[in-house]
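Remarks on the structure that follows.
There are 4 protein chains.
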Amino acid sequence: MQLGLVGLGRMGFNMRARLRAQGHDVVGYDPRPEVSDVASLTELASAVTAPRVVWVMVPAGEITRNAIRELASVLGSGDLVIDGGNSRYADDRTHADLLAAAGIGYLDCGVSGGVWGLDEGYGLMVGGADTDVARAMPIFDALRPDGERAGGFVHAGPVGAGHYAKMVHNGVEYGLMQAYAEGYELLEAQDLITDVPGVLQAWTHGTVVRSWLLELLVKALAEDPEFARISGYTEDSGEGRWTVQEALDRAVPAPVISAALFARFASRQADSPAMKAVAALRNQFGGHAVRAADRGTATET
Amino acid sequence: MQLGLVGLGRMGFNMRARLRAQGHDVVGYDPRPEVSDVASLTELASAVTAPRVVWVMVPAGEITRNAIRELASVLGSGDLVIDGGNSRYADDRTHADLLAAAGIGYLDCGVSGGVWGLDEGYGLMVGGADTDVARAMPIFDALRPDGERAGGFVHAGPVGAGHYAKMVHNGVEYGLMQAYAEGYELLEAQDLITDVPGVLQAWTHGTVVRSWLLELLVKALAEDPEFARISGYTEDSGEGRWTVQEALDRAVPAPVISAALFARFASRQADSPAMKAVAALRNQFGGHAVRAADRGTATET
Amino acid sequence: MQLGLVGLGRMGFNMRARLRAQGHDVVGYDPRPEVSDVASLTELASAVTAPRVVWVMVPAGEITRNAIRELASVLGSGDLVIDGGNSRYADDRTHADLLAAAGIGYLDCGVSGGVWGLDEGYGLMVGGADTDVARAMPIFDALRPDGERAGGFVHAGPVGAGHYAKMVHNGVEYGLMQAYAEGYELLEAQDLITDVPGVLQAWTHGTVVRSWLLELLVKALAEDPEFARISGYTEDSGEGRWTVQEALDRAVPAPVISAALFARFASRQADSPAMKAVAALRNQFGGHAVRAADRGTATET
Amino acid sequence: MQLGLVGLGRMGFNMRARLRAQGHDVVGYDPRPEVSDVASLTELASAVTAPRVVWVMVPAGEITRNAIRELASVLGSGDLVIDGGNSRYADDRTHADLLAAAGIGYLDCGVSGGVWGLDEGYGLMVGGADTDVARAMPIFDALRPDGERAGGFVHAGPVGAGHYAKMVHNGVEYGLMQAYAEGYELLEAQDLITDVPGVLQAWTHGTVVRSWLLELLVKALAEDPEFARISGYTEDSGEGRWTVQEALDRAVPAPVISAALFARFASRQADSPAMKAVAALRNQFGGHAVRAADRGTATET
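Protein chains in written order, with numbering that gives the first Met the number 0: chain A, 0 to 300; chain B, 0 to 300; chain C, 0 to 300; chain D, 0 to 300.
Shown next, in the form of structure tokens:
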């Protein structure tokens, strides 16, 4: 089928390739002319025959909001917009209402798989009306892993459900990564273990902890043994925070996901104001030595 | 090759079956005559031709210690004992020394895979000397997943390394399980999600969080939707505690693994002494209502 | 000086008493006629001579918002409103702007001390303009602990700073309470300790952990030994959640405050969906027994 | 009364001074002749009239064990040894048995108060037999805060109870410090707060979070505003680890105390192996940038 695709970055570019490889007619738009098929959203609207399906794959927040608003004006009644970005699920209702005022349908679709999705397919979590989902199903089928009728896709509920499921997916991802990371550090810390990469490699088959993330960890260590070339400075892209906020709003205990998130926050601090306070307190009551700030973390006073 | 196998419980029984299916000659001993091939360890020693290899697959702690001690007396110089149970890695040196005094070699082997190992193969983490590992390699090859030269087995280091790696494996397992569990609860807590099992099913393909544990979670929900038939009371078998203790000993931050462990502790408390103290404090300073103990958790005072 | 006081609940009632005891002329309004000095906010505005100072001490959220809106219409230019409730600090700017449109000044004041404030004085954290703070200073001086020029009061910054400081105060409070509570449970869990209340009592003098909260814990145990009469079911009043959300927004690691909050969430669950998932997983891979839901937490299957 | 005092370091030196100021006859021994009253433990035994009471105030572990062993040989039947150091409570039974074999009594006494104890008195937690406690009571009374019959001292139970109570005290201390530290960082992170030390100062009176530790935090900030001169590198002295291990052994959830401990571990890492693993994973699946190790934490690749 024919699809308009807005956003040809790391994700959208690969998705266009995967869809075309499966015979779909994709008209892609991106502000960078070297990757774009058309010069503007207006041109994209002309190039796709109504009733159109247009997939938005741009960064969450202001950029997505602007794209939705512009599509509301260039598309028309009977068209369907799918937001495949990492938008906050609470924004979906707003987007759906905005488009509905112009007679345009809306689906939110959480997409997982990263740079591997081109070859392996993407995991898709969709929110919206049954009829809209049915209409876009050929696209979902082309994006999901090949031959996987039983996995890689879910119609999770009404508008918002797709992005909510994706948000939780990412929160879980934080916890999984931190669990492996703590295990990695515990293996590194024990001299008995003479082959840490070998242990992780062994874990990838037959064990309870085998997973795709574990395979990636093995691959990463093969490329950079002992992670000598990288620092532990770790960004978070927002969905982990949203997951913890959701836990707060719904009174769901989330000690693991929040601990994983806080470890990332801490990884980005050159020094911790909180730990300065603890060190100062120890010095106050016990006369324990503190380390001077200007010496960095390498020398003790 | 020929193997003596001590312990034919849930794990040992399946391992005997898998080894025999691959053509090995296994003489199994268990105190329960209905599953045992021989009547005693002495008889097992007679039934296996020296130099013997004997695999111990019994509960960690006293029972393993007793088995090792008894084997030290019935086996002889040149034999090899493999402890495949979940022994604490610090015990391995003791066991190795005890057996070495009788000229008997020793390997420790962490085994993962649970009840699925019979068909899918086991993940094996081995500690000990190169020559001992080489000698037992046909057994390891039969137990590990079929055709997996690159995974499912590691010679992790000297004596103790196998059980250390298995201990960390189990600690990681706690963290992974809790991460999925928090995600599950967050999905359940959101009315927008009309198909929680479907979301988890979708995650099993194409996503970053796909794993074998996730597949088991999908399977468990298929068997008992919304987990209506089970309580959250969750045991811990000791290796999670050992992992956190190791983190303490090595000053390795382990917030995720410890949070997962503490969640299990809390799941087993009918009421929490700590939270009684918090509730009492709130009442003291703020006049906030407390809930009466005899009303259970269902009614507010 | 003269003060209008809106809200005569647990906090406001005591504050009126404390202010009057120190010679201030307080006109209190509350919807419950049995405690109110006037019949309406309009009547309160008439009873207080302009330029008026009016203190709002009602539950945060809708009720405070309504009170502020109504005061904006019954008060006049040159008057001053102080919100002493537990409002979210982000609301203060809105309230200040609303009142400023009518020429009315605004201060936000976080108040700590609970039911003890009547006798011991309240800790006050104030946000707003210097001139407004100066104007209300006699009231602040009467409410803060007697003779404490060096403590119990701070002008923390511009509008919003008072409630932000109070929010963080409450977050810290969560952490402190949980720390004592974990210590209490560890003392209870050890048979060697034959006098748990005595240990806590001893801690109240000379030790590093001495505090007012600790004294309250001793008092609570004296009233209800072993907390036999109360359950661990513990509410949270919102400020702990806001504190963690603030930590998320500012990328501040807050493992202790969040752990304290999650422990409260867990205390209110009859059973934990997350732990059901963990128990189900253990059963799936290891064949470990699960406990039946209908048997409660008392019997194993 | 007369007391032998072994160890005149930071704690013992001050304790001798406090005891002498209250009229007790203290014979102190320390390997450093400039502070010692006698040249050896043998000389100390001669200088104190039997039946003797000897207080040991030396670092826990090997040094304490050696002191106890030596005292067992130089003291005699009817004497009493008090271990006032931070020994692990499990060692107390061993020490008591060793001394009992020579007819010598034993008390374990956890001592809190740090460098402030000289003037303010020490919090004391004692384990042992009633008769031994009664015999040493004049010493305990002189060390505890003046005039505090209701606090600062507890006979917590039999041998071991004193050090157990002190261990838990220190675990609680970790949690309290981290709670204040997180609050401090949250105040620092918010521009609205123009007077962070003032907020903490205000909290010291009238609020729910007032405590001695909070007063020390105010004092520390007065001496080093914004903690500009110190780093967050924070040691742990062992008792926090023991507390968490005890939580593991007794299945007591201790999320706050363990989080506080792990924050200290993390504060001492120049870079985190675990977070390197997380950063590497993000790069693997999402193509997210990692920061180069050799650039430190200041530049992004």
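Yeah, the Cβ is synthetic: ideal placement off N, Cα and C, and Gly gets one too.
Quick one: Cα of alanine 269 of chain B to Cα of glutamate 181 of chain B, how far?
Within the second sequence, the letter at position 270 stands for residue 269 of chain B. Within the second sequence, the letter at position 182 stands for residue 181 of chain B. Between alanine 269 of chain B and glutamate 181 of chain B, the C-alpha separation is close to 21 Å.
In chain order, what are the residue ranges of uninterrupted alpha helix (DSSP H) at least 4 long that sit wholly in the region 162–250 of chain A?
195–202, 211–222, 238–249
Can you tell me whether DSSP reads methionine 56 of chain B as helix, strand or coil?
In the second sequence, residue 56 of chain B corresponds to position 57, counting from 1. Three-state DSSP puts methionine 56 of chain B in coil, outside helix and strand.
Cβ of methionine 124 of chain A less than 8 Å from any chain B Cβ?
On the first sequence, position 125 is the one that residue 124 of chain A refers to. Chain B contact via Cβ: present.
Alpha carbon to alpha carbon, what distance is there between isoleucine 81 of chain D and valine 125 of chain D?
Counting from one through the fourth sequence, the residue named residue 125 of chain D turns up at place 126. Counting from one through the fourth sequence, the residue named residue 81 of chain D turns up at place 82. Straight-line Cα distance between these residues: approximately 9 Å.
Under a CB-based cut-off of 8 Å, is valine 171 of chain A close to chain C?
One-based indexing of the first sequence puts residue 171 of chain A at position 172. Chain C contact via Cβ: absent.
Out of C:Met166, C:Arg17, C:Gly239, C:Glu245, state which residue places its alpha-carbon closest to the alpha-carbon of alanine 141 of chain C.
Taking the first residue of the third sequence as position 1, residue 141 of chain C is located at position 142. The residue with the shortest Cα to Cα distance from alanine 141 of chain C is C:Arg17.
Can you name, in chain order, every residue of its own chain whose Cβ lies under 6 Å from the Cβ of glycine 113 of chain A, other than the five neighbours on each side?
Here residue 113 of chain A refers to the residue found at position 114 of the first sequence. So no residue of the chain qualifies.
Pairs of beta-carbons, one from the region 279–290 of chain C and one from the region 252–261 of chain C, closer than 8 Å: are there three or more?
no
Within the region 86–155 of chain A, ranges of the alpha helix (DSSP H) (whole runs, at least 4 residues)
88–99, 116–119, 129–142
Distance cutoff 8 Å, beta carbons only. Does serine 257 of chain A sit that close to anything in chain C?
The sequence position of residue 257 of chain A within the first sequence is 258, counting from 1. It does: the Cβ of serine 257 of chain A has a partner Cβ on chain C nearer than 8 Å.
Between serine 111 of chain D and lysine 275 of chain A, which are expected to be in contact by the criterion C-beta below 8 Å, what is the C-beta distance as a whole number of angstroms?
Here residue 111 of chain D corresponds to residue number 112 of the fourth sequence, with the count starting at 1. Here residue 275 of chain A corresponds to residue number 276 of the first sequence, with the count starting at 1. Wrong, their Cβ atoms sit about 23 Å apart, outside the cutoff.
To the nearest angstrom, how far is the alpha carbon of leucine 74 of chain A from that of arginine 51 of chain A?
Your numbering for residue 74 of chain A matches position 75 in the first sequence. Your numbering for residue 51 of chain A matches position 52 in the first sequence. Whole-angstrom Cα-Cα distance: 8 Å.
With a Cβ-Cβ cutoff of 8 Å, do leucine 4 of chain D and valine 37 of chain D count as a contact?
The residue given as residue 4 of chain D occupies position 5 in the fourth sequence. The residue given as residue 37 of chain D occupies position 38 in the fourth sequence. No; because the gap between Cβ atoms is not below 8 Å, this pair is not in contact.
Beta strand (DSSP E) containing glycine 285 of chain D: first to last residue?
As a first step, residue 285 of chain D is located in the fourth sequence; it is residue number 286 there, counting from the start. Here glycine 285 of chain D belongs to no beta strand (DSSP E); instead the alpha helix (DSSP H) covers 272–285.
Between proline 137 of chain A and histidine 204 of chain B, which are expected to be in contact by the criterion C-beta below 8 Å, what is the C-beta distance as a whole number of angstroms?
Within the first sequence, numbered from 1, the residue matching residue 137 of chain A stands at position 138. Within the second sequence, numbered from 1, the residue matching residue 204 of chain B stands at position 205. So it is not a contact: roughly 18 Å between Cβ atoms.
If you reduce the DSSP assignment to three classes, tell me which class glycine 27 of chain C lands in.
As a first step, residue 27 of chain C must be located in the third sequence, where it is residue number 28. Strand, per DSSP.
Please classify isoleucine 67 of chain A as buried or exposed, where buried requires at least 16 neighbouring CB atoms within 10 angstroms.
As a working mapping, residue 67 of chain A is identified with position 68 in the first sequence. With 16 or more Cβ atoms within 10 Å of its Cβ, isoleucine 67 of chain A is classed as buried.
Measuring alpha carbon to alpha carbon, tell me which of C:Gly116, C:Ala164, C:Leu175, C:Glu238 ends up nearest glycine 170 of chain D.
In the fourth sequence, counting from the first residue as 1, residue 170 of chain D sits at position 171. Nearest option by C-alpha distance: C:Leu175.
Could you check which residue in B:Tyr232, B:Ala164, B:Gly6 has the C-alpha nearest to that of proline 58 of chain B?
Here residue 58 of chain B is taken as the residue at index 59 of the second sequence, counted from 1. Ranking B:Tyr232, B:Ala164, B:Gly6 by Cα distance to proline 58 of chain B puts B:Gly6 first.
Closest by C-alpha distance to proline 254 of chain A, when choosing among A:Asp248, A:Arg263, A:Leu40, A:Val243
Stepping through the first sequence from its first residue, residue 254 of chain A is reached at position 255. The residue with the shortest Cα to Cα distance from proline 254 of chain A is A:Val243.
Take glutamine 177 of chain B and list the residues in its own chain whose beta-carbon comes closer than 8 Å to its own, dropping the five residues that flank it on each side.
Translated into the one-based positions of the second sequence, residue 177 of chain B becomes position 178. Closer than 8 Å at Cβ, skipping near neighbours: Val255, Ala258, Ala259, Ala262.
Whose C-beta lies closer than 8 Å to the C-beta of glycine 120 of chain C among residues of the same chain, with five residues either side of it excluded?
By 1-based counting over the third sequence, the position of residue 120 of chain C is 121. Same-chain partners within the cutoff: Arg17, Gly112, Leu142, Arg143, Pro144, Asp145, Glu147, Gly151.
May I ask you to report which of helix, strand or coil DSSP gives leucine 2 of chain B?
Residue 2 of chain B sits at position 3 when you count from the first residue of the second sequence. It is a strand residue.
Can you tell me which residues form a DSSP beta bridge with leucine 79 of chain C?
In the third sequence, counting from the first residue as 1, residue 79 of chain C sits at position 80. Per DSSP, C:Val52, C:Gly104.
To the nearest angstrom, how far is it from the Cα of leucine 215 of chain B to the Cα of tyrosine 179 of chain A?
Sequence index remark: in the second sequence, residue 215 of chain B carries index 216 (1-based). Sequence index remark: in the first sequence, residue 179 of chain A carries index 180 (1-based). Going by the C-alpha atoms only, they are around 19 Å apart.
Consider the Cβ of proline 196 of chain B: report whether some Cβ of chain C lies at a distance smaller than 8 Å.
Numbered from 1 along the second sequence, position 197 holds the residue referred to as residue 196 of chain B. With 8 Å as the cut-off, proline 196 of chain B does not count as an interface residue toward chain C.
Proximity test, Cβ basis, 8 Å: glutamine 244 of chain B and chain D
The residue labelled residue 244 of chain B in the question sits at position 245 within the second sequence. Output row for glutamine 244 of chain B: interface = yes.
May I ask you to list, following chain order, the residues of the region 259–275 of chain A that have a beta carbon less than 9 Å from some beta carbon of chain G?
The structure shown contains no chain G; the protein chains it does contain are A, B, C and D.
Can a CB atom of chain A be found closer than 8 Å to the CB of valine 251 of chain C?
Within the third sequence, numbered from 1, the residue matching residue 251 of chain C stands at position 252. Closer than 8 Å to some Cβ of chain A, the Cβ of valine 251 of chain C qualifies, so yes.
Closer than 6 Å by C-beta to methionine 14 of chain C: which residues in its own chain qualify, once you throw out the five before and the five after it? Chain order, please.
Locating residue 14 of chain C in the third sequence gives position 15, where the first residue counts as 1. Nothing listed; no residue qualifies.
In the DSSP assignment, find the unbroken alpha helix (DSSP H) run with alanine 269 of chain A in it and report its ends.
Indexing the first sequence from 1 puts residue 269 of chain A at position 270. Alanine 269 of chain A -> no alpha helix (DSSP H), and no H or E assigned at all.
For lysine 218 of chain D, count neighbouring C-beta atoms within 10 Å of its own C-beta (all shown protein chains included) and say buried if the count is 16 or more, exposed if not.
Reading the fourth sequence from its first residue, position 219 is the one you call residue 218 of chain D. So lysine 218 of chain D ends up on the exposed side.
Under the three-state DSSP convention, the category alanine 66 of chain D falls into
Residue mapping note: residue 66 of chain D aligns to position 67 of the fourth sequence, counting from 1. Alanine 66 of chain D: helix per DSSP, three-state reduction.
Listing by chain order, which chain A residues have their CB less than 9 Å from the CB of alanine 160 of chain B?
For the purposes of this step, residue 160 of chain B is taken as the residue at position 161 of the second sequence. Result: Gln189, Leu191, Ile192, Thr193, Asp194, Val198.
For chain B, is any of its Cβ atoms less than 8 Å away from the one on tryptophan 115 of chain C?
In the third sequence, counting from the first residue as 1, residue 115 of chain C sits at position 116. Yes, tryptophan 115 of chain C counts as interfacial toward chain B.
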